[in-house]
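**Student:**
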Amino acid sequence: MTPRGNLPVAMNSFFGRAAELDEIMKLLTGTRLLTLHGAGGVGKTRLALQAARSVREDYPDGVWVAELSSETDGDLLAGSVAGMFGLRARAGRPALASLVEFLADRRLLLVLDTCEHLVDPCAAMVTAILTGAPDVRIIVTSRQELCLPYEVVMGVDPFPVPPPEAADLAGYDVMSLFLDRATAVAPGLRTDERAMMAVARLCRRLDGVPLAIELAASHARGLSAIQLADQLEDRFRLPADGERVLARHHTLRTAAGWSHELCTPAERLLWARLSVFAGTFDEESARGVCADECLPDVAGVLAVLVAKSVVARVGDRYRLLDTIRDYGRDWLDELGEGALMRRRHRDHYLAAAHRMDAQWCGPRQLEWARWARGELSNIRAALDRCLADGDHRTALELAGALWVLWCHLGLVREGRHYLDRALAAVPAPDRARSRPLWVAAHLALLAGDIPLARERATESAESARRHGDGEAEAHAHLRLAGACLLVGDLEGARGYALRGAAGLRQAEPTSSGLFSVPLLLAMAATFGGDFDKAVEILRETRRHCEARGELSQRALSDYIRSLALLGRGEAAEASAAAKAALEVSWGLRDAVGGVLAIDQLARIAAAAGDGFRAAWLLGAAQRIWSGFGLPGLGADTMTGLREAAAARAEGLIGETAYARALAEGAASHFESAVTYALRD
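Residue numbering for the sequence shown follows the working numbering, starting at 5 and increasing by one per position.
1. Specify whether the segment 156-173 and the segment 28-38 touch according to this definition: at least 3 beta carbon pairs, one from each stretch, less than 8 Å apart.
2. Which term fits Arg-198, buried or exposed, when burial requires 16 or more other beta carbons within 10 angstroms of its beta carbon?
3. Classify Gly-636: buried if its beta carbon has 16 or more other beta carbons within 10 angstroms, exposed otherwise.
4. So, with DSSP's three-state summary, where would you put Tyr-680?
5. If I'm right that Ala-478 touches Leu-508 with Cβ under 8 Å, what's the distance once you round it to whole angstroms?
6. Which partner residues of Glu-401 appear in the DSSP bridge assignment?
7. With 16 other CB atoms within 10 Å as the buried threshold, where does Asp-453 fall?
8. Hey, out of Asp-79, Val-305, Leu-621, whose CA is closest to Ala-270's CA?
9. Is the segment 212-227 touching the segment 59-78 in the sense that three or more CB pairs, one from each, lie closer than 8 Å?
10. Beta carbon of Val-178, beta carbon of Cys-207: below 9 Å?
11. Where does the unbroken beta strand (DSSP E) through Met-158 begin, and where does it stop?
12. Secondary structure at Tyr-353, three-state DSSP: helix, strand or coil?
13. Could you pull the start and end residues of the alpha helix (DSSP H) that His-701 belongs to?
14. Taking the beta carbon of Val-213 as the centre, do at least 16 other beta carbons fall within 10 Å, making it buried, or is it exposed?
15. Pairing CB atoms from the segment 611-622 with CB atoms from the segment 644-659, are three or more of them under 8 Å?
16. Using CA coordinates, which residue listed in Lys-30, Leu-525, Ala-606, Asn-16 is at the minimum distance from Leu-570?
17. In whole angstroms, what separates the C-alpha of Ala-112 from that of Leu-181?
18. Are Ala-528 and Leu-484 closer than 9 Å when you measure CB to CB?
19. Considering only residues of the same chain and omitting the five flanking positions on each side of Thr-6, which have a CB-CB separation below 8 Å?
20. When you compare the segment 112-128 with the segment 137-148, are there three or more beta-carbon pairs, one atom per stretch, that lie closer than 8 Å?
21. Considering only the beta carbon of each residue, do Phe-281 and His-358 sit closer than 9 Å?
22. For Arg-552, which three-state DSSP category applies?
23. Are three or more beta carbon pairs between the segment 555-562 and the segment 575-592 nearer than 8 Å?
24. Do you know how far the Cα of Glu-459 is from the Cα of Trp-335?
25. Helix, strand or coil for Ser-2, going by three-state DSSP, please let me know.
26. When you compare only the Cα positions, how much space is there between Ser-228 and Arg-209?
27. With distances taken Cα to Cα, identify the nearest neighbour of Tyr-422 among Ala-432, Val-443, Pro-433.
28. Mind checking Cys-151: buried by the 16 CB within 10 Å criterion, or exposed?
29. Work out the CA separation of Leu-53 and Glu-71 for me, nearest whole Å.
30. Tell me, to the nearest whole angstrom, how far the beta carbon of Gly-42 is from that of Asp-161; I am working on the premise that it is less than 8 Å.
31. Just how far apart, CA to CA, sit Leu-25 and Leu-413?
32. Beta strand (DSSP E) containing Val-416: first to last residue?
33. How many Å lie between Asp-534 and Leu-523 at the Cα?
34. Only counting runs of 4 or more residues, tell me where the alpha helix (DSSP H) segments fall wholly within the segment 443-508, in order along the chain.
35. Report the partner residues of Val-305 according to the DSSP bridge assignment.
36. Tell me the residue span of the beta strand (DSSP E) that contains Ala-70.
Written out as structure tokens, the structure is:
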């Protein structure tokens, strides 16, 4: 045996992973067993070998690599590793004993590559070696941990990919990897801006998985980067070019298939069923969609799939990489369960949306807000599938049931998109349109499209009346009240608000919509200059919100109270109320409530003589408004307040300083705008 071992020579450049390499070298000083754990194709082997090259001078007896993917019999494992050292089997003596005896006085690093299919035999062999050979250290690469008490596990993830808006593409290792591999086979590869944008798009589609990137790059000889990005429809069918990639990794389908073959029937079934999820999902959703008599223990099987790196853990949620999901989806179709699981997925999220609607006005509001944001990818997937499959009435029902997500959690544009598509697909007259129409009216109000809001709300009221849906009719009247309010028709606003209240008490006495009535009346009083009446109404409304654990309407109440208090000349109290509204809106990620509060704080700053702060906040608010609608909801009654604040701020600090502060605020993001706005 030579002192340098059998560490293979690197066949091409190694990119990135600087932090991971540093971590491995630190860990090897304090642990004797390090497992690099991750999904197929993420580069566990490459990382292990590069780390081994970095530390080989520390091991007088060398670095030795045992590639175990072709070893299928655990009983032969120790003999295979012993043979790597030149040891020969001796009659009557177990191979493992000979191996441990040989290693007992050696100081070396042993890399056991690809162990997931031999976890138990590998664990037994590693235990024997570490017990009998105190100066041997071991790196394991595996999609499944060995689960030994002294094992240190380090996760290996795909490369970060540049987001669509990224400007500095050269700073991403995944881009360097593609360009290196692609230019090796196509030296004249175009690298202009358009080509680099295509490479970035390709890297995103391939999830940043190094194996996928290298396979794609191998086609650069015949296709440009733009053609690759455009034609890369099936990431699993790219044949490898040459022998630089191990045979078992010739395609991502092979890599996924390798993991699939290592799973039990129950694990394969759950893998297939989980492919209906988009983005991340939680355990409850996995059970709700996937569990049945064929798969009763979803939680237990899910834990195994995490251990095998088929499923990735993301905080308290889970996800499949797109490449793994696509393989599972193919298998799901092979099983004939594709349509069934898509229906289960749809029904699960429809039921959850109805629960969120029913429980929103109460103590679970923040919990539901987190749920909705975490499940957004799955909600989109359910809506898109319904629309694509012609299940339009379900799409309409789901889009309407999700009004909280659209109206209170800041997704105004997205809500309008889905509701418009679903309403167009379900023509009138149809009872299913009544509720979604008032939701669409509410979203039109938030976007500043008052004429459309009136049209949608009027149609909702007529449809609801025709079909005997008193609750939907009442909600439509509340949206008509809002439209009247925004155009300054205060009597019309009061009339519709009271009609809506009467309808809700008759149809649904516990409806959360009843909270909207005093807010509309308080806003009408504020716009009419009766600030004392507004404050009186809102004092009682806030008490009811607090008693019920309601946050979103409480925030709106605080915003309106701030308007009334400032009208009474109580600037400090108005500022406190606006900040209270902003804090709650930010907690819910409610862009509408948040930007209204920021606009109000700008007005308060202008009234207090702080022109720079007023201008900065107006600029920040302008940026947020542009994300979903018109400043001040497009209403003269509200834009007038904003314009007056802008004029006063400019008068205080001058045109040049005002423009500079406005631009600085406009360049901020929502989070930094909130932080600044909440400061004294």
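Every residue gets a Cβ at the ideal spot worked out from N, C-alpha and C, and that includes glycine. Quick caveat, the model's predicted, so the values are computed rather than measured.
**Tutor:** In this structure, then:
1. yes
2. In the sequence shown, residue 198 corresponds to position 194, counting from 1. With fewer than 16 other Cβ atoms within 10 Å, it is exposed.
3. Start at 1 with the first residue of the sequence shown, and residue 636 comes out as number 632. Per the 10 Å Cβ criterion, buried.
4. By one-based count along the sequence shown, residue 680 stands at place 676. Tyr-680 falls in the helix class under three-state DSSP.
5. Your numbering for residue 478 matches position 474 in the sequence shown. Your numbering for residue 508 matches position 504 in the sequence shown. Contact flag correct, Cβ pair sits at about 4 Å.
6. For this step, residue 401 is matched to residue 397 along the sequence shown. Answer is none; Glu-401 lacks a bridge partner.
7. Translated into positions along the sequence shown, residue 453 becomes position 449. Asp-453 comes out buried.
8. Working through the sequence shown from its first residue, we reach residue 270 at position 266. Taking only the C-alpha atoms, the option nearest Ala-270 is Val-305.
9. no
10. Taking the sequence shown and counting its residues from 1, one reaches residue 178 at position 174. Taking the sequence shown and counting its residues from 1, one reaches residue 207 at position 203. Yes, Cβ-Cβ distance for Val-178 and Cys-207 is below 9 Å.
11. Here residue 158 corresponds to residue number 154 of the sequence shown, with the count starting at 1. Run containing Met-158: 156-159, per the beta strand (DSSP E) assignment.
12. Along the sequence shown, one-based indexing puts residue 353 at 349. In this structure, Tyr-353 counts as helix in the three-state DSSP scheme.
13. Residue 701 lies beyond the residue range present for the chain, which begins at 5 and ends at 684; the question has no answer from this structure.
14. Residue numbering aside, residue 213 sits at position 209 when the sequence shown is read from its first letter. Buried, by the Cβ-count rule.
15. yes
16. What you label residue 570 is simply residue 566 of the sequence shown in a count that begins at 1. Closest by alpha carbon: Ala-606.
17. As a position in the sequence shown, residue 112 is number 108, starting the count at 1. As a position in the sequence shown, residue 181 is number 177, starting the count at 1. The question names Ala, yet the displayed sequence has Leu at residue 112. Near 31 Å, if we compare the C-alpha coordinates of Leu-181 and Leu-112.
18. Stepping through the sequence shown from its first residue, residue 528 is reached at position 524. Stepping through the sequence shown from its first residue, residue 484 is reached at position 480. Contact flag unset, no.
19. Taking the sequence shown and counting its residues from 1, one reaches residue 6 at position 2. Only weak support exists for where Thr-6 lies, its pLDDT of 40 falling under 50; the value from the coordinates is given anyway. Cβ within range, chain order: Gly-66.
20. yes
21. In the sequence shown, the residue the question calls residue 281 occupies position 277. In the sequence shown, the residue the question calls residue 358 occupies position 354. No, the Cβ-Cβ distance between Phe-281 and His-358 is not below 9 Å.
22. Along the sequence shown, read from residue 1 onward, the residue named residue 552 stands at position 548. Helix at Arg-552.
23. yes
24. Here residue 335 is taken as the residue at index 331 of the sequence shown, counted from 1. Here residue 459 is taken as the residue at index 455 of the sequence shown, counted from 1. Taking the straight line from one Cα to the other gives about 47 Å.
25. Residue 2 lies beyond the range of the chain shown here (5 to 684); nothing can be said about it.
26. Mapped onto the sequence shown, residue 228 falls at position 224. Mapped onto the sequence shown, residue 209 falls at position 205. Cα-Cα distance, rounded: 16 Å.
27. To locate residue 422, count along the sequence shown from 1; it is residue 418. Considering only alpha carbons, the answer is Val-443.
28. Indexing the sequence shown from 1 puts residue 151 at position 147. Label assigned to Cys-151: exposed.
29. Along the sequence shown, read from residue 1 onward, the residue named residue 71 stands at position 67. Along the sequence shown, read from residue 1 onward, the residue named residue 53 stands at position 49. If I take the Cα positions, the gap works out to 11 Å.
30. Start at 1 with the first residue of the sequence shown, and residue 42 comes out as number 38. Start at 1 with the first residue of the sequence shown, and residue 161 comes out as number 157. With 8 Å as the limit, Gly-42 and Asp-161 qualify as a contact, their Cβ atoms being about 7 Å apart.
31. Along the sequence shown, one-based indexing puts residue 25 at 21. Along the sequence shown, one-based indexing puts residue 413 at 409. Near 41 Å, if we compare the C-alpha coordinates of Leu-413 and Leu-25.
32. Working through the sequence shown from its first residue, we reach residue 416 at position 412. Val-416 -> not in any beta strand (DSSP E); alpha helix (DSSP H) instead, spanning 416-429.
33. Reading the sequence shown from its first residue, position 530 is the one you call residue 534. Reading the sequence shown from its first residue, position 519 is the one you call residue 523. Looking at the two C-alpha atoms, the distance is approximately 14 Å.
34. 454-471, 474-490
35. As a working note, residue 305 is residue 301 in the sequence shown. Answer is none; Val-305 lacks a bridge partner.
36. As a working mapping, residue 70 is identified with position 66 in the sequence shown. Ala-70 -> beta strand (DSSP E) spans 67-71.
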